[in-house]
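Undergrad:
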Amino acid sequence: MNDLEDLLQRNSNWAKSRKNEDSEFFAAAAKQQNPEYCWIGCSDSRVSPSQILDLPPGNIFVHRNIANQVNVNDINCLSVLEYAIYFLEVKHIIVCGHTGCGGIESAFNKPSSKFINPWIDNILKIRIDHKSDLDALSCKAERSNRLSELNVVNQIANLGNLSLVKDAWIKKLDLSLHGWIYNLSTGILRDLTGAVSSLSDLIFIRSLCTN
Ligand code: CO
3 MNDLEDLLQR
13 NSNWAKSRKN
23 EDSEFFAAAA
33 KQQNPEYCWI
43 GCSDSRVSPS
53 QILDLPPGNI
63 FVHRNIANQV
73 NVNDINCLSV
83 LEYAIYFLEV
93 KHIIVCGHTG
103 CGGIESAFNK
113 PSSKFINPWI
123 DNILKIRIDH
133 KSDLDALSCK
143 AERSNRLSEL
153 NVVNQIANLG
163 NLSLVKDAWI
173 KKLDLSLHGW
183 IYNLSTGILR
193 DLTGAVSSLS
203 DLIFIRSLCT
213 N
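For the sequence shown, this note's numbering begins at 3 and goes up steadily by one.
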């Protein structure tokens with residue numbers, strides 16, 4: 003028997019129970035998606051957005067990478083955002099970091115790796131920008147979790163600086179950015195930035211990014 007037989011069986015059970023709850027569920031899902039939210043999160047297996055938000059399929063458009071980054075050179079992230087904003091017309095983009103993030107911890111440990119090192123370069127810069135804040139914290143976990151929060155705020159600033167987002171605001175599209183952090187130990191999300199819905203909100207977020 004194939005090792006992944008269990009996964010296929012889980013899928014079959016899930017599809018059956020969905021159909022039992024709502025016989026039209028898959029017929030409706032196959033026609034179109036109409037999500038109101040776009041999620042930029044970490045690839046970590048413990049922070050699956052539909053699961054932690056308790057949302058059924060169809061509600062959230064998702065992009066994930068190591069340490070939930072928005073990078074102006076990342077065409078993968080940019081194409082997700084363009085589709086979310088201009089085709090799906092989502093109203094909210096959530097950047098969500100989490101405690102105990104391996105990507106964030108890499109900025110302290112600097113592992114020797116071919117691709118992770120350049121990817122976390124931006125996190126390293128945030129760590130250096132906030133060195134005195136972080137050094138004042140007594141333990142390693144606190145420093146890492148604080149850098150996770152600072153990273154979320156910086157990624158919201160990166161997101162707001164994209165012409166994709168600025169143009170949406172200039173065109174008066176209803177679009178807000180939100181920076182959240184997920185606590186792995188409690189399962190609870192916390193809002194770090196409030197709704198960022200305009201260029202003036204963005205100026206405030208930028209002020210939080212510098213020490
Ligand atoms: Co992570």
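For glycine and all other residues, C-beta sits at the position ideal for the given N, C-alpha and C.
#1: Among all the DSSP beta bridges, which residues are the ones paired with C98?
#2: Kindly indicate which three-state DSSP category F206 falls into: helix, strand or coil?
#3: With ligand 1 as the reference, list in chain order each residue whose Cβ lies under 6 Å from any of its heavy atoms.
#4: When you compare only the Cα positions, how much space is there between H180 and T188?
#5: When DSSP labels each residue in this structure, what does D176 get in the three-state scheme?
#6: Can I99 and R66 be called in contact, C-beta distance under 9 Å?
#7: Looking at C-alpha atoms only, which residue of I118, A30 and L149 is the closest neighbour of S45?
#8: So I106 packs on I125, CB below 8 Å; how close in whole Å?
#9: Are there 16 or more other CB atoms within 10 angstroms of the CB of P51, so buried, or fewer, so exposed?
#10: Does the distance from the CB of S199 to the CB of W171 come in under 9 Å?
#11: Let me check understanding here. Comparing Cα to Cα, which of A29, D56, T212 and L57 lies closest to K133?
#12: Scan the segment 11–66 and note each continuous beta strand (DSSP E) run of 3 residues or more that stays entirely inside, going in chain order.
TA: From the atom records:
#1: To locate residue 98, count along the sequence shown from 1; it is residue 96. C98 has G43 and W182 as its beta-bridge partners, per DSSP.
#2: The residue labelled residue 206 in the question sits at position 204 within the sequence shown. Here F206 sits in helix by DSSP.
#3: C44, D46, A69, H100, C103, G104 and G105
#4: In the sequence shown, residue 180 corresponds to position 178, counting from 1. In the sequence shown, residue 188 corresponds to position 186, counting from 1. Taking the straight line from one Cα to the other gives about 20 Å.
#5: Here residue 176 is taken as the residue at index 174 of the sequence shown, counted from 1. Coil.
#6: Here residue 99 refers to the residue found at position 97 when the sequence shown is read from its first residue. Here residue 66 refers to the residue found at position 64 when the sequence shown is read from its first residue. Per the sequence presented here, residue 99 reads as Gly, with Ile not at that position. The answer is no: Cβ separation not under 9 Å.
#7: If you number the sequence shown from 1, residue 45 lands on position 43. Taking only the C-alpha atoms, the option nearest S45 is I118.
#8: Start at 1 with the first residue of the sequence shown, and residue 106 comes out as number 104. Start at 1 with the first residue of the sequence shown, and residue 125 comes out as number 123. With a Cβ gap of about 6 Å, I106 and I125 count as contacting.
#9: In the sequence shown, residue 51 corresponds to position 49, counting from 1. Classification for P51: buried.
#10: The residue given as residue 199 occupies position 197 in the sequence shown. The residue given as residue 171 occupies position 169 in the sequence shown. Yes, they are a contact pair.
#11: Position 131 of the sequence shown, counting from 1, holds the residue named residue 133. Comparing Cα positions, the closest option is T212.
#12: 39–44
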